[in-house]
């Protein structure tokens, strides 16, 4: 099956810093989602981005499908950005709706 | 906004009990999913359903069954709960080819 790797596994930053999280995947995909899991366990949709670039406030994401990676950028970090960030992909074979998750990047923002 | 509602945030059950986890979505999505999340293992797919009364096994279906009698409701059943089924359970739903939306999760402890 498709493999998803995220880096770095852990990241500790001062409030106000910028960060880049990476997601590599092993095969062609027709769906890529970025999620933020908050300390209460809720999984929040950040981006649906199978290709191209999107921005939402201080967050933006870029997926280069031909090179099989995606990047999540967080600018001017706030303590509420802390949590685990997951990348999940769906393979491009027909009828496959299953998402495969990476093991996540744990982000800690220090005041 | 999509609303995926899981019946309990926290649940404590005893070994051998039959356990029902309920999930309801309000967006008329065809697809519904059950995942479990464990430290170091990420999110893994247990079962999914693409229509009423239809189900497909995911990566780790052993020890679980599911029921989808109505389009909006997808139930996960632990026939005889065991301690290794202590985990965080997450339900999701989607239209075909569209992003998955997750509920808040149920933290299940089996004593």
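Protein chains in written order, with the working numbering: chain A, 80 to 190; chain B, 59 to 169. Beta carbons: idealized from backbone N, C-alpha and C, even for Gly.
Could you tell me if residue i is buried or exposed, where buried requires 16 or more neighbouring beta carbons within 10 angstroms of its beta carbon?
{"i": "residue 164(B)", "result": "buried"}
{"i": "residue 160(B)", "result": "buried"}
{"i": "residue 137(A)", "result": "exposed"}
{"i": "residue 142(A)", "result": "buried"}
{"i": "residue 97(A)", "result": "exposed"}
{"i": "residue 112(B)", "result": "exposed"}
{"i": "residue 93(A)", "result": "exposed"}
{"i": "residue 68(B)", "result": "exposed"}
{"i": "residue 94(B)", "result": "buried"}
{"i": "residue 157(A)", "result": "exposed"}
{"i": "residue 72(B)", "result": "exposed"}
{"i": "residue 190(A)", "result": "exposed"}
{"i": "residue 130(A)", "result": "exposed"}
{"i": "residue 163(A)", "result": "buried"}
Closer than 8 Å, CB to CB, is residue i near chain A or not?
{"i": "residue 143(B)", "result": "no"}
{"i": "residue 66(B)", "result": "no"}
{"i": "residue 146(B)", "result": "yes"}
{"i": "residue 92(B)", "result": "no"}
{"i": "residue 84(B)", "result": "no"}
{"i": "residue 119(B)", "result": "no"}
{"i": "residue 105(B)", "result": "no"}
{"i": "residue 87(B)", "result": "no"}
{"i": "residue 152(B)", "result": "yes"}
{"i": "residue 109(B)", "result": "no"}
Which residues does DSSP list as the beta-bridge partners of residue i?
{"i": "residue 152(A)", "result": "99(A) and 139(A)"}
{"i": "residue 126(A)", "result": "113(A)"}
{"i": "residue 28(A)", "result": "Absent from the structure is residue 28(A), since the part of chain A shown begins at 80 and ends at 190."}
{"i": "residue 92(B)", "result": "105(B) and 149(B)"}
{"i": "residue 79(B)", "result": "134(B)"}
{"i": "residue 60(B)", "result": "The partner list for residue 60(B) (beta bridge, DSSP) is empty, contrary to what the question assumes."}
{"i": "residue 163(A)", "result": "116(A) and 185(A)"}
{"i": "residue 158(B)", "result": "Paired residues: none, contrary to the question."}
For residue i, decide whether its Cβ has a neighbour in chain B, counting only Cβ atoms nearer than 8 Å.
{"i": "residue 176(A)", "result": "yes"}
{"i": "residue 135(A)", "result": "no"}
{"i": "residue 103(A)", "result": "no"}
{"i": "residue 182(A)", "result": "yes"}
{"i": "residue 82(A)", "result": "no"}
{"i": "residue 120(A)", "result": "yes"}
{"i": "residue 196(A)", "result": "The shown model of chain A, from 80 to 190, leaves out residue 196(A), and the question about it has no answer."}
{"i": "residue 110(A)", "result": "yes"}
Taking the alpha-carbon of residue i as reference, which of the options has the nearest alpha-carbon?
{"i": "residue 169(A)", "options": "88(A), 108(A), 97(A) and 128(A)", "result": "108(A)"}
{"i": "residue 66(B)", "options": "136(B), 158(B) and 148(B)", "result": "148(B)"}
{"i": "residue 103(A)", "options": "125(A), 190(A), 123(A) and 151(A)", "result": "151(A)"}
{"i": "residue 87(A)", "options": "184(A), 127(A), 190(A) and 188(A)", "result": "184(A)"}
{"i": "residue 62(B)", "options": "100(A), 106(A), 123(A) and 112(A)", "result": "123(A)"}
{"i": "residue 167(B)", "options": "109(B), 125(B) and 96(B)", "result": "96(B)"}
{"i": "residue 126(A)", "options": "118(A), 188(A) and 114(A)", "result": "114(A)"}
{"i": "residue 70(B)", "options": "115(B), 99(B) and 136(B)", "result": "136(B)"}
{"i": "residue 99(A)", "options": "171(A), 160(A) and 190(A)", "result": "160(A)"}
{"i": "residue 139(B)", "options": "169(B), 83(B), 155(B) and 124(B)", "result": "169(B)"}
{"i": "residue 135(A)", "options": "153(A), 164(A), 145(A) and 89(A)", "result": "153(A)"}
Could you work out which residues of chain D lie near residue i, taking near to mean beta carbons separated by less than 9 Å?
{"i": "residue 162(B)", "result": "Absent here is chain D; the protein component of the structure consists of chains A and B."}
- Message: Using 8 Å as the cut-off, can you tell me whether the stretch 102 to 110 of chain B makes contact with the stretch 118 to 125 of chain B, which would need three or more C-beta pairs spanning the two stretches below that distance?
- Response: Look at the beta carbons and you see the stretch 102 to 110 of chain B touching the stretch 118 to 125 of chain B: at least three pairs across the two are nearer than 8 Å.
- Message: Whether or not the stretch 169 to 187 of chain A and the stretch 82 to 92 of chain A are in contact is what I'm after, with contact meaning three or more pairs of Cβ atoms, one per stretch, closer than 8 Å; do they touch?
- Response: With the cut-off at 8 Å, the stretch 82 to 92 of chain A and the stretch 169 to 187 of chain A touch.
- Message: Under 8 Å: do the stretch 134 to 146 of chain B and the stretch 72 to 79 of chain B share three or more Cβ pairs, one atom per stretch?
- Response: The answer is yes - the stretch 72 to 79 of chain B touches the stretch 134 to 146 of chain B, with three or more Cβ pairs under 8 Å.
- Message: Contact between the stretch 123 to 132 of chain B and the stretch 82 to 100 of chain B is defined here as three or more beta-carbon pairs at a separation below 8 Å; is this criterion met?
- Response: Yes, the stretch 123 to 132 of chain B is in contact with the stretch 82 to 100 of chain B.
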